[in-house]
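Residue numbers (this note's numbering), protein chains in the order written: chain A, 1 to 170; chain B, 1001 to 1137.
Glycine included, every Cβ here is placed at the ideal spot set by N, Cα and C.
Predicted model only: the values in this text are computed from it and were never measured.
One structure below.
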């Protein structure tokens, strides 16, 4: 998985021994603090509810930095989706030496058409995020496409520029 | 006037849709004799007719398990189901029907299909298999 936004560029390789959790290494180019580091990251599925037409998930996540024991993060993120609608949120608190900050987001989306298995799937989304370091909520449109094992998410905001998210499942 | 135009447009759309359906039947898609009309254990197969008939078209002499799966709302998430069953050498063919919430799995006639085993495989991908119907082709 790759992500790029105004604060950081990251590459995340992870492995899921079961659907309940995944472990991985997240390499980060921190644009705000102008530094490079890695996280050993653990994501745990705390709760999932499957119905015929929807799925709801709540995850816990944490990461320990290569910079030392006083640099780590923890948080949670969740989503609810049907084949037509999507809603998600995320909350992450990062402790970095003497500094700590919170990042949070809300995201909603609608699929303009319902694709079949193997088709190109498209989502029109709206994301709103806030980072303590930059203070204000920033709301912007996001386009999400996926086909097969590949996923691309593109968002753009005038204040924080591109928010790009690429994922491939092996 | 705008309101009238809107009503006219709506009527045209509904008429076109109904005509489309009638044409579909006139084109010879009689449901008589199709496997998707078969009763299994006293229940009619709940499948997408075209998708099902297409899936079984090359499976004469085989058996097909139709699994109802809950939580299968996303293509990207359902990929794991295909991968999990691809490792099972007894699976001849597989199809995921996202709209119907079904996974179709073809096996040879002599395979003893075990629903618990299938449930475990589906659960390992994070979804729940809730029902199974097995039909011999």
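Simplified DSSP assignment, three categories, for residue i
i: residue 1060/B; result: coil
i: residue 132/A; result: coil
i: residue 1085/B; result: helix
i: residue 1054/B; result: helix
i: residue 104/A; result: strand
i: residue 1123/B; result: helix
i: residue 111/A; result: coil
i: residue 119/A; result: coil
i: residue 146/A; result: strand
i: residue 70/A; result: coil
i: residue 56/A; result: strand
i: residue 1075/B; result: helix
i: residue 153/A; result: strand
i: residue 1150/B; result: The structure shown has nothing for residue 1150/B, since chain B only spans 1001 to 1137.
i: residue 1118/B; result: helix
i: residue 1100/B; result: coil
is_contact[residue i, chain A] using C-beta, thresh 9 Å
i: residue 1123/B; result: yes
i: residue 1133/B; result: no
i: residue 1059/B; result: no
i: residue 1127/B; result: yes
i: residue 1073/B; result: yes
i: residue 1056/B; result: no
i: residue 1105/B; result: no
i: residue 1096/B; result: yes
i: residue 1078/B; result: yes
i: residue 1108/B; result: no
Any chain B beta carbon closer than 9 Å to residue i
i: residue 49/A; result: yes
i: residue 55/A; result: yes
i: residue 19/A; result: yes
i: residue 81/A; result: yes
i: residue 61/A; result: no
i: residue 107/A; result: no
i: residue 33/A; result: no
i: residue 15/A; result: no
i: residue 149/A; result: yes
i: residue 103/A; result: no
i: residue 77/A; result: no
i: residue 146/A; result: yes
i: residue 114/A; result: yes
i: residue 118/A; result: yes
i: residue 121/A; result: yes
6 Å CB neighbourhood of residue i in its chain, flanking five on each side removed
i: residue 1/A; result: 12, 167
i: residue 56/A; result: 49, 80
i: residue 146/A; result: 121
i: residue 28/A; result: 8, 10, 37
i: residue 87/A; result: 80, 108
i: residue 155/A; result: 127, 140, 142, 163
Closest Cα partner of residue i within the set the options
i: residue 117/A; options: 1124/B, 1073/B, 1087/B; result: 1073/B
i: residue 1084/B; options: 1130/B, 1059/B, 1125/B, 1054/B; result: 1125/B
i: residue 104/A; options: 75/A, 28/A, 165/A, 47/A; result: 75/A
i: residue 63/A; options: 36/A, 24/A, 31/A; result: 24/A
i: residue 53/A; options: 1120/B, 1087/B, 1103/B, 1069/B; result: 1069/B
i: residue 7/A; options: 130/A, 152/A, 44/A, 141/A; result: 130/A
i: residue 1089/B; options: 1052/B, 1102/B, 1111/B; result: 1111/B
i: residue 42/A; options: 169/A, 19/A, 156/A, 31/A; result: 19/A
i: residue 31/A; options: 170/A, 134/A, 157/A; result: 134/A
Where residue i falls, given that 16 or more other Cβ within 10 Å makes a residue buried
i: residue 1114/B; result: exposed
i: residue 1030/B; result: For residue 1030/B, the predicted model reports a pLDDT of 43, less than 50, meaning its position is unreliable; a value from the coordinates is still stated below. Looking at its Cβ environment, which holds fewer than 16 other Cβ atoms inside 10 Å, residue 1030/B is exposed.
i: residue 1067/B; result: buried
i: residue 51/A; result: exposed
i: residue 144/A; result: buried
i: residue 111/A; result: buried
i: residue 39/A; result: buried
i: residue 114/A; result: exposed
i: residue 1095/B; result: buried
i: residue 1121/B; result: buried
i: residue 66/A; result: exposed
i: residue 1059/B; result: buried
i: residue 137/A; result: exposed
Residues of its chain near residue i, where Cβ-Cβ distance is below 8 Å and the 5 sequence neighbours each way are ignored
i: residue 1033/B; result: Caution applies to residue 1033/B, whose pLDDT of 49 falls short of 50 and renders its modelled position unreliable; the model cannot decide the point.
i: residue 15/A; result: 22, 23, 24
i: residue 1118/B; result: 1065, 1067, 1105, 1129, 1132
i: residue 1025/B; result: For residue 1025/B, the pLDDT reaches just 38, beneath the cut-off of 50, and the residue's location in the model is therefore unreliable, leaving the point undetermined.
i: residue 218/A; result: What the structure shows of chain A is the stretch from 1 to 170, and residue 218/A is not part of that stretch, so it cannot be assessed.
Cβ neighbours of residue i in the same chain (closer than 7 Å, five flanking residues each side left out)
i: residue 1075/B; result: 1098
i: residue 1048/B; result: 1097, 1099, 1100
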